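Heads up: the structure comes next, in structure tokens.
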Amino acid sequence: MKPAAFDYHRPDSVEEAVSLLAELGEDAKILAGGQSLVPMLSLRLAFFDHLIDISRLDELKGIERRGDALWIGAGTTDATVGADRQVSAAVPLLTRVTPFVGHFQIRNRGTFGGSIAHADPAAEYPTVALTLDAVMEAVSPRGRREIAAADFFTGLWETALEPDEVLTGVRFPLSNSRSGFGVHEFARRHGDFAIAGSVVAVRLEEDRVSHCAIGLMGLGSTPRRAAAAEAAVLGMPLGELDPKQIGELAMSGLDDVPADLQGSASYRARVGAVMTARAWTDAVAEAGGEATHA
Numbered sequence: 196m197k198p199a200a201f202d203y204h205r206p207d208s209v210e211e212a213v214s215l216l217a218e219l220g221e222d223a224k225i226l227a228g229g230q231s232l233v234p235m236l237s238l239r240l241a242f243f244d245h246l247i248d249i250s251r252l253d254e255l256k257g258i259e260r261r262g263d264a265l266w267i268g269a270g271t272t273d274a275t276v277g278a279d280r281q282v283s284a285a286v287p288l289l290t291r292v293t294p295f296v297g298h299f300q301i302r303n304r305g306t307f308g309g310s311i312a313h314a315d316p317a318a319e320y321p322t323v324a325l326t327l328d329a330v331m332e333a334v335s336p337r338g339r340r341e342i343a344a345a346d347f348f349t350g351l352w353e354t355a356l357e358p359d360e361v362l363t364g365v366r367f368p369l370s371n372s373r374s375g376f377g378v379h380e381f382a383r384r385h386g387d388f389a390i391a392g393s394v395v396a397v398r399l400e401e402d403r404v405s406h407c408a409i410g411l412m413g414l415g416s417t418p419r420r421a422a423a424a425e426a427a428v429l430g431m432p433l434g435e436l437d438p439k440q441i442g443e444l445a446m447s448g449l450d451d452v453p454a455d456l457q458g459s460a461s462y463r464a465r466v467g468a469v470m471t472a473r474a475w476t477d478a479v480a481e482a483g484g485e486a487t488h489a
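As structure tokens, then:
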């Protein structure tokens, strides 16, 4: 199928893009890499009278250290994020999840900010942003503002961005010593969205858990955190923690797990528990602890 007719705009700056959004209102949509939007338009699952192409705006591209955070421009391609040495050193979890983002053709065109703004609950980058307490940067005619990841994802494919706002970049806190990271997800085929998945970040002090963040993919209308499991392991010695129990605890309180042709809610939860246990085991091993009860 072909998309419905639309007017195409290619602004020369973020300021111009924001002005167009404000002028055109809800009939306009930002186009970045187009790896999610274009198929939806072609299948006529979405309709817009105007597309505003920001894919060639250099001010939205780049990766750089800014104080105690790593900034990634919204227009930076997924492939660039996955191959960047700064990302690998400062936010290794992003490097680990990038190979799961579609296929290499998609990663070469898709943009980091596009994935974040699309807010698919089964997508890797939004889940990592939530897990690592990233901060989103946006601009509108009213100026610039920052949005914590915990407040950014508001519903299925919905975010806290206003209709006239453009996501310009995302800031991630830098990785600490004795930190470990793990990611496991299950999909029918490599490159498909995860039926269920988990990313884990752990920091140890004297073989006790001093920090733990567990993010869940495909287990709700938004990416989510396994708050009960995170609280349960905090301060605990590694020898008393069973990965299987942590995985099961991560599924507690999930009363809105989706069910579809890929699997029932109970099936997704079972898969999510296993993925969390595996991600936990990898993260603890990398942080310098022993992966007990694996």
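Position one of the sequence shown corresponds to residue 196 (this note's numbering), numbered consecutively onward.
Glycine is no exception: its CB is placed at the ideal position from the N, C-alpha and C atoms.
Computed from a predicted model, the values in this text were never measured in an experiment.
- A distance below 9 angstroms separates the beta carbons of Thr326 and Val395.
- Unbroken beta strand (DSSP E) runs of no fewer than 3 residues, entirely contained in the segment 307 to 355, are found at 330 to 335, 338 to 343 and 348 to 350, following chain order.
- Your pair Ala460 and Ser393 does not check out as a contact, with CB atoms roughly 16 angstroms apart and the cut at 8 angstroms.
- Pairing Gly270 with Ala223 gives a Cβ-Cβ distance that is not under 9 angstroms.
- For Lys439, the closest alpha carbon among the candidates Met470, Glu481, Leu351 and Gly386 is that of Met470.
- Taken in chain order, the whole beta strand (DSSP E) runs of length 3 or more contained in the segment 211 to 266 are 223 to 226, 245 to 248 and 258 to 261.
- By the Cβ-count criterion, Tyr320 is buried, with 16 or more other Cβ atoms from all chains shown falling within 10 Å of its own Cβ.
- Take the alpha-carbon of Leu411 and the one of Ala426: they are about 15 angstroms apart.
- About 6 angstroms separates the beta carbons of Ala333 and Leu356, which is inside the 8 angstroms limit, making them a contact pair.
- The beta-carbon separation of Ser416 and Leu369, rounded to 30 angstroms, does not stay under the 8 angstroms limit for a contact.
- Rounded to whole angstroms, Arg383 and Gly257 show a C-alpha spacing of 33 angstroms.
- Per DSSP, the beta-bridge partners of Thr272 are Thr306.
- With respect to His313, Ser231 sits close: the two C-beta atoms are nearer than 9 angstroms.
- Counting along the chain, Leu399 sits inside the beta strand (DSSP E) bounded by residues Ala391 to Glu400.
- The DSSP-derived three-state label of Thr290 is helix.
- Annotation for Gly268: Leu255, Lys256, Gly257 and Gly364 place their beta carbon closer than 6 angstroms to its own, counting only its chain and skipping 5 residues before and after.
- The straight-line gap separating the alpha-carbon atoms of Gly309 and Leu436 is approximately 37 angstroms.
- Assigned with DSSP and collapsed to three states, Val452 falls in coil, not helix or strand.
- Collapsing the DSSP output to three states places Thr471 in a helix.
- Taking all protein chains shown into account, Gln300 has fewer than 16 neighbouring C-beta atoms within 10 Å of its C-beta and is therefore exposed.
- Looking at the backbone, the Cα of Ala199 and that of Ser250 are separated by about 21 angstroms.
- Cβ contact annotation for Glu221 (same chain, cutoff 8 angstroms, sequence separation greater than five): Pro358, in chain order.
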